[in-house]
Amino acid sequence: MRNLRNLPNAFFSVNLIIVSLISFTLVSCEPGNTNNDTTTAGALALVANNSSTSSSSTSSSCVTTGTCKIFIATPTAPNNAGISGFDTHCNNSPNKPSGSYVYKALISDGIKRRACSTANCSGGTSEHIDWVLKPNQQYKRKDGTTTIGTTNANGIFVTSLTNVIDPDVIDGYTDNVFTGVNANWTPGDDCSDWTGSGDTMTGAYLYSDIRAFAEMSRGCSAMINQVFRGKAICVEQ
8 MRNLRNLPNA FFSVNLIIVS LISFTLVSCE PGNTNNDTTT AGALALVANN SSTSSSSTSS
68 SCVTTGTCKI FIATPTAPNN AGISGFDTHC NNSPNKPSGS YVYKALISDG IKRRACSTAN
128 CSGGTSEHID WVLKPNQQYK RKDGTTTIGT TNANGIFVTS LTNVIDPDVI DGYTDNVFTG
188 VNANWTPGDD CSDWTGSGDT MTGAYLYSDI RAFAEMSRGC SAMINQVFRG KAICVEQ
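Here it is as structure tokens:
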């Protein structure tokens, strides 16, 4: 059984079924062997329990721990790399908090990622497309202690934030983040779906209200040329 435990999970599940069938057959063929029956069943139950525990741990998220973090990724975000490019940027950022959880960018293109299709998601979470904020979830800074805010049942912030997102990522004129969302969380300007042209909706992460996600629309050319050096808001999943 020790060898079985050292195999990859995919092969382990198959082998567990085979061993279970063999053990069941051997036990059935030995009438009156109560002690062996108990020992075999106990061993199989232990292995099954360990397999279940391993599976649940790999599928867990920050929601299960009660602490989900948000941080501002550095350096400048790749605003012409699409939604997936922003997500990769978040997970490769040198200032990403320690831990194994995945981060996604709080950004919208209205197609691949969207918070709301109506103002403040009047239709509920069904309006989400691959949205990064969870309903009724408290979010904290990367220190894991300072509360940023708590979302409502629709998975958005609708009241002032408790604290600004990240006061440490400051470089004078560059306190800007890409968001692609309007103040009511519907899709805003998005650099032509984040391909690098047109205008973009940006926010300022030094505000303690929902304007942090929708401050104004700026030309993407200014962002590409790093006039504002916009960054990405990254949310733990």
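If you want the working numbering, it's the 1-based position in the sequence shown plus 7.
Glycine is no exception: its CB is placed at the ideal position from the N, C-alpha and C atoms.
Q.
Going by DSSP in three states, Cys128 sits in which element: helix, strand or coil?
A. Mapped onto the sequence shown, residue 128 falls at position 121. Three-state DSSP puts Cys128 in a helix.
(Q) For Ser91, tell me which candidate among Gly195, Asp137 and Ala122 has the shortest Cα-Cα distance. (A) Here the question's residue 91 lines up with position 84 in the sequence shown. The residue with the shortest Cα to Cα distance from Ser91 is Asp137.
Q. Taking DSSP as the reference, what is the three-state secondary structure of Ser199?
A. The sequence position of residue 199 within the sequence shown is 192, counting from 1. Ser199: helix per DSSP, three-state reduction.
**Q.** 7 Å CB neighbourhood of Gly226 in its chain, flanking five on each side removed
**A.** Numbered from its first residue, the sequence shown carries residue 226 at position 219. Answer for Gly226: Asp206, listed in chain order.
Q) What are the boundary residues of the alpha helix (DSSP H) that Thr83 is part of? A) Locating residue 83 in the sequence shown gives position 76, where the first residue counts as 1. No alpha helix (DSSP H) holds Thr83; DSSP gives it neither H nor E.
Q) Between the C-alpha atoms of Arg121 and Pro194, what's the straight-line distance to the nearest angstrom? A) On the sequence shown, residue 121 is found 114 positions in, with the first residue counted as 1. On the sequence shown, residue 194 is found 187 positions in, with the first residue counted as 1. Each residue's Cα considered, the two are about 7 Å apart.
Q.
On the DSSP letters alone, give me the boundaries of the beta strand (DSSP E) that Val242 sits inside.
A. Along the sequence shown, one-based indexing puts residue 242 at 235. Here the beta strand (DSSP E) through Val242 covers Lys238 to Glu243.
(Q) My output table needs one value for Asp206: the three-state DSSP class, helix, strand or coil. (A) Position 199 of the sequence shown holds residue 206. Shown here, Asp206 sits in a strand according to DSSP, grouped into three states.
(Q) Could you tell me the alpha carbon to alpha carbon distance between Tyr110 and Thr132, rounded to whole angstroms? (A) As a position in the sequence shown, residue 110 is number 103, starting the count at 1. As a position in the sequence shown, residue 132 is number 125, starting the count at 1. Tyr110 and Thr132: Cα-Cα distance of roughly 20 Å.
Q. Is it true that the CB of Pro142 sits closer than 8 Å to the CB of Thr166?
A. One-based indexing of the sequence shown puts residue 166 at position 159. One-based indexing of the sequence shown puts residue 142 at position 135. For Thr166 and Pro142, no; Cβs fall outside 8 Å.
Q) Cβ-heavy atom distance between Cys69 and the ligand HEM below 7 Å? A) Ligands are entirely absent from the displayed structure, and the ligand HEM is therefore not among its contents.
**Q.** Terminal residues of the beta strand (DSSP E) in which Thr154 lies
**A.** As a working mapping, residue 154 is identified with position 147 in the sequence shown. Taken as a continuous stretch (DSSP letters only), the beta strand (DSSP E) holding Thr154 covers Thr154 to Thr157.
Q. Residues in its own chain within less than 6 Å of Cys198 by CB, not counting five upstream and five downstream?
A. For the purposes of this step, residue 198 is taken as residue 191 along the sequence shown, with counting starting at 1. So the qualifying residues of the chain are Asn86, Gly205, Thr207 and Cys227.
Q.
Here's a check: name, in chain order, each residue in its chain whose Cβ is nearer than 8 Å to the Cβ of Pro101, leaving out the five neighbours to either side.
A. By one-based count along the sequence shown, residue 101 stands at place 94. Correct list, in chain order: Thr81.
Q: Please classify Ile79: is it buried, with 16 or more other beta-carbons within 10 angstroms of its beta-carbon, or exposed?
A: Here residue 79 refers to the residue found at position 72 of the sequence shown. Label assigned to Ile79: buried.
Q.
Which residues does DSSP list as the beta-bridge partners of Lys147?
A. For the purposes of this step, residue 147 is taken as the residue at position 140 of the sequence shown. Note: Lys147 sits in a beta bridge opposite Lys76 and Thr154.
(Q) Within the continuous beta strand (DSSP E) that includes Arg225, where are the two ends? (A) As a working note, residue 225 is residue 218 in the sequence shown. That run of the beta strand (DSSP E) goes Met223 to Gly226.
(Q) On a Cα-Cα basis, can you pick out the residue from Asn99, Asp94 and Ser107 that is closest to Ser68? (A) For the purposes of this step, residue 68 is taken as the residue at position 61 of the sequence shown. Cα-wise, what sits closest to Ser68 is Ser107.
Q) Where does Gly73 land, buried or exposed, given buried means 16+ other C-beta within 10 angstroms? A) The residue given as residue 73 occupies position 66 in the sequence shown. The residue in question, Gly73, is exposed, as its Cβ has fewer than 16 Cβ neighbours within 10 Å.
Q: Would you mind reading off the limits of the beta strand (DSSP E) that contains Lys111?
A: Position 104 of the sequence shown, counted from the start, is the residue given in the question as residue 111. Here the beta strand (DSSP E) through Lys111 covers Tyr110 to Ala112.
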